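Here is the structure we will look at.
Numbering (the numbering used here), first residue to last: 1 to 269.
Spelled out as structure tokens, the structure:
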């Protein structure tokens with residue numbers, strides 16, 4: 001799993017990781033970039049000295065940090081340089097806030113939301129709309145009859161859903177077949193609609209537990225209640241966000257053959 005700067009709260013540990021990945025000679029290259037001796041870079045990384053904010057700015061350029069990464073790196077420098085406990089706590093809060101914002105799915109996933117809000121409410125009112133929408137990516141489920149048979153829904157209901165999906169651009173009709181449309185939909189974490197979306201698929205997960213054993217041999221369900229430190233909460237959330245991204249990348253390049261639901265929960269009780 002690839003590490004990012006947002007996985008660190010100590011800039012020296014972060015730089016050590018970056019240098020280990022890039023290979024030998026990085027300290028001397030960094031010294032040239034910030035206009036100092038290699039011995040000084042080694043002294044900072046292995047001792048109590050710290051880079052200045054001006055040097056940190058040059059390090060941002062040296063490592064090709066994005067604007068978001070650059071801001072975070074400067075916060076880490078200021079956190080390390082803080083001379084009082086109060087000031088250290090101040091910068092630590094800013095570091096934690098930045099990590100939280102980085103972890104928000106709305107800012108992390110690149111899905112473009114183009115469906116009007118009033119249509120989104122209808123779309124997420126039932127699991128049926130999203131299910132049929134996604135099913136259209138599988139060639140054998142691109143007709144009303146095939147969808148109706150697989151889901152056990154009346155043909156009239158399937159027709160109603162397909163007409164709705166077509167009207168908002170999430171589906172398109174070609175002869176007697178339906179395919180995925182050009183528009184995409186994603187509900188942000190702060191949308192009031194998100195409750196219905198999560199509820200729909202948690203209920204679907206419960207229904208899947210009632211299916212005969214031979215019908216869900218590929219299914220995976222895991223539930224647990226745990227205790228942990230506050231510091232490790234963000235670590236775990238960061239790992240889960242990365243796993244979601246990796247899973248989505250696998251799905252993106254996977255051939256459409258079967259229909260699955262992917263849900264993940266990690267919350268405070």
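Ideal Cβ placement from N, Cα and C applies to all residues, glycine included. Since we're looking at a predicted model, the values are computed, not measured.
Residue 301 versus residue 115 - alpha carbon distance: Past the edges of the chain, shown from 1 to 269, lies residue 301, and the structure says nothing about it.
Counterpart residues of residue 266 in DSSP-defined beta bridges: Position 266 of the chain shown, counted from the first residue, corresponds to residue 266. Partner(s): none; residue 266 has no beta bridge.
CB of residue 197 within 9 Å of CB of residue 124, strictly: Against the chain shown, residue 197 aligns to sequence position 197. Against the chain shown, residue 124 aligns to sequence position 124. Contact: yes.
Residue ranges of each alpha helix (DSSP H) within the stretch 184-242, 4 or longer: 194-209
For residue 58 and residue 38, the rounded distance between their alpha carbons: For this step, residue 38 is matched to residue 38 along the chain shown. For this step, residue 58 is matched to residue 58 along the chain shown. Their Cα atoms are separated by approximately 15 Å.
Span of the alpha helix (DSSP H), counted from its first residue to its last, around residue 16: For the purposes of this step, residue 16 is taken as the residue at position 16 of the chain shown. Here the alpha helix (DSSP H) through residue 16 covers 11-22.
Test: residue 29 CB closer than 9 Å to a CB of chain D: You won't find chain D in this structure, because it holds only one protein chain.
Beta-carbon spacing of residue 10, residue 87 below 9 Å: If you number the chain shown from 1, residue 10 lands on position 10. If you number the chain shown from 1, residue 87 lands on position 87. No, the Cβ-Cβ distance between residue 10 and residue 87 is not below 9 Å.
Distance between residue 201 and residue 155 (C-alpha atoms, nearest Å): Counting from one through the chain shown, the residue named residue 155 turns up at place 155. Counting from one through the chain shown, the residue named residue 201 turns up at place 201. Each residue's Cα considered, the two are about 23 Å apart.
Residue 257 in three-state terms, based on DSSP: On the chain shown, position 257 is the one that residue 257 refers to. Coil.
Rounded C-alpha distance that separates residue 191 from residue 176: Taking the first residue of the chain shown as 1, we reach residue 191 at position 191. Taking the first residue of the chain shown as 1, we reach residue 176 at position 176. Going from the Cα of residue 191 to the Cα of residue 176 covers about 35 Å.
Inter-residue Cα distance where the pair is residue 138 and residue 235: Position 138 of the chain shown holds residue 138. Position 235 of the chain shown holds residue 235. Each residue's Cα considered, the two are about 36 Å apart.
CB-CB length for residue 61 against residue 73, believed under 8 Å: As a working mapping, residue 61 is identified with position 61 in the chain shown. As a working mapping, residue 73 is identified with position 73 in the chain shown. The Cβ separation is near 11 Å, so there is no contact.
CB of residue 136 within 9 Å of CB of residue 80, strictly: For the purposes of this step, residue 136 is taken as the residue at position 136 of the chain shown. For the purposes of this step, residue 80 is taken as the residue at position 80 of the chain shown. Going by C-beta atoms, residue 136 is not nearer than 9 Å to residue 80.
Residue range of the unbroken beta strand (DSSP E) whose run includes residue 180: Here residue 180 refers to the residue found at position 180 of the chain shown. Counting along the chain, the beta strand (DSSP E) containing residue 180 begins and ends at 177-180.
Residue 204 beta carbon less than 9 Å from that of residue 254: Position 254 of the chain shown holds residue 254. Position 204 of the chain shown holds residue 204. Not in contact: residue 254 and residue 204 (Cβ atoms no closer than 9 Å).
Backbone CA spacing between residue 244 and residue 144 [nearest angstrom]: In the chain shown, counting from the first residue as 1, residue 244 sits at position 244. In the chain shown, counting from the first residue as 1, residue 144 sits at position 144. Distance between the alpha carbons of residue 244 and residue 144 is about 32 Å.
Cβ-based neighbour list, residue 17, same chain, cut-off 7 Å, excluding 5 preceding and 5 following: Here residue 17 refers to the residue found at position 17 of the chain shown. Answer for residue 17: 3, listed in chain order.
Alpha-carbon to alpha-carbon, residue 187 and residue 194: Within the chain shown, the letter at position 194 stands for residue 194. Within the chain shown, the letter at position 187 stands for residue 187. Spanning the two alpha carbons is a distance of roughly 6 Å.
Proximal residues to residue 12 (C-beta, below 6 Å), its chain only, five neighbours per side dropped: Along the chain shown, one-based indexing puts residue 12 at 12. 45.
Distance between residue 89 and residue 52 (C-alpha atoms, nearest Å): As a working mapping, residue 52 is identified with position 52 in the chain shown. As a working mapping, residue 89 is identified with position 89 in the chain shown. Roughly 19 Å between the two C-alpha positions.
Three-way DSSP call (helix, strand, coil) for residue 39 in this model: Within the chain shown, residue 39 is the residue found at index 39, counting from 1. Residue state, collapsed to three classes: helix.
Distance between residue 33 and residue 26 (C-alpha atoms, nearest Å): Working through the chain shown from its first residue, we reach residue 26 at position 26. Working through the chain shown from its first residue, we reach residue 33 at position 33. So the alpha carbons of these two residues sit roughly 10 Å apart.
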